[in-house]
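Numbering (this note's numbering), first residue to last: 1024 to 1190. Cβ coordinates follow ideal geometry from the N, Cα and C atoms, glycine included. Notes follow the structure.
See the structure below:
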């Protein structure tokens, strides 16, 4: 199961007009042959992102900006399930320069370019760096990684893809 770092608080939305905002509906990453539906994710009472219910789909933090809008949009997905690989199983294989496409409900597509892929212990995820970005439109793709802790039934790390909107 995908869980974000303990205590990690994700960003909240930056005010934009209805004409500027467009909800994500599909995520496409050609480099890892991924095309999947995007659903909304909510925050729990402590401000942590709740992982997607389905293992074959990803979720977007609806409390944050839409992908392509100013700020850091977060899309999370599972790395695996009890039956095998899940939607973000190959996420760690992305590299600098790979393209990520987000199709939006208004029919538009926003393209991001991967800058780096990093793995952090869940207990030491740098929240400010991961969930709060610069002045432009940024995207973070997050899943689990590292060693599986059988006692906790969770991976010890998070894999985070950092991407910026393509010009």
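Beta-bridge pairing by DSSP links residue 1185 to 1139, 1163. Within the region 1075-1111, the complete beta strand (DSSP E) segments of 3 residues or longer fall at 1081-1084, 1094-1099, listed in chain order. With contacts defined as CB atoms closer than 8 Å, residue 1164 and residue 1098 qualify as a contacting pair.
Residue range 1047-1052 is occupied by the beta strand (DSSP E) that includes residue 1048. About 4 Å separates the beta carbon of residue 1168 from that of residue 1182, a gap short enough to meet the 8 Å contact definition. Residue 1178 has 1171 as its beta-bridge partners, per DSSP.
By DSSP's assignment, residue 1062 forms a beta bridge with 1082. The continuous beta strand (DSSP E) containing residue 1126 extends over residues 1122-1127. Between the C-alpha atoms of residue 1143 and residue 1162 there is a straight-line separation of about 17 Å.
Comparing alpha-carbon positions, the option among 1154, 1093, 1174, 1080 lying closest to residue 1050 turns out to be 1080.
Minimum Cα-Cα distance from residue 1110 among the listed residues 1146, 1078, 1072, 1155 corresponds to 1078. The alpha-carbon of residue 1176 is positioned some 31 Å away from that of residue 1156.
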